[in-house]
Amino acid sequence: MSIETVKLQIVNRSKHNLPAYATALSAGMDLKADIDVPIVLHPSERFLVPTGIYIALPEGYEAQIRPRSGLACKYGVTVANAPGTIDADYRGEVKVCLINLSGDNFVINPGERVAQMVVARCARVEWTEVASLDETERGEGGFGSTGR
């Protein structure tokens, strides 16, 4: 099985290289903070981090902005609207809404990897309205109904 390659157009107005995969099998590309000076993110504070990149996705694709696991686990800093979605018709700057969930200040440094971007196919829904749904073994059980 091979990995699908999608060609995207990108405008890079940042001071950094294009987003890149850290390893050959990475699903996401790291996004870097395109800021001139360090930004202090106080506990419970959000900040919209500019990346300086603009992308054009083909129809049928989206880009998901996801947290970096190291920032979340080590520092309690994550993407507030994870996963953030970039639609195929959006042409503005890609930005990352970071939130500090820890009790300590966190410093975002220029060029720091703040999130990852995953490009994925997406489907459009065509609804068929019905009076009821098929029965399944699970039924309406949710939120822990299958056990711990």
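According to my numbering, the sequence shown is numbered sequentially starting from 2. Heads up, the beta-carbon is just placed ideally off N, CA and C, and yes, glycines get one too. Fair warning: this is a prediction, and the values are worked out from it, not measured in the lab.
Per DSSP, what kind of secondary structure is residue i in: helix, strand or coil?
i: Leu19; result: coil
i: Leu42; result: strand
i: Gly71; result: helix
i: Tyr55; result: strand
In whole angstroms, what is the alpha-carbon distance linking residue i and residue j?
i: Glu136; j: Gly143; result: 15 Å
i: Leu42; j: Leu134; result: 46 Å
i: Leu49; j: Cys123; result: 25 Å
When DSSP builds the beta bridges, which residues end up paired with residue i?
i: Gly77; result: According to DSSP, Gly77 bridges with nothing at all.
Exercise. Counting pairs of Cβ atoms below 8 Å between the region 118-126 and the region 62-70, do you hit three or more?
Worked result: yes
For this session: Could you say if the region 100-117 and the region 28-38 meet the contact criterion of at least three C-beta pairs nearer than 8 Å?
Result: Yes, they touch.
Exercise. Does the region 123-138 come close enough to the region 95-105 that 3 or more CB-CB pairs lie under 8 Å?
Worked result: no
For this session: Decide if the region 14-21 is in contact with the region 66-86; the criterion is three or more beta carbon pairs, one per stretch, under 8 Å apart.
Result: no
Problem set entry | the region 44-58 contacting the region 7-15, beta-carbon criterion three pairs below 8 Å | yes
Exercise. Which runs of the beta strand (DSSP E) spanning at least 3 residues fall entirely within the region 95-127, listed in chain order?
Worked result: 107-109 and 114-122
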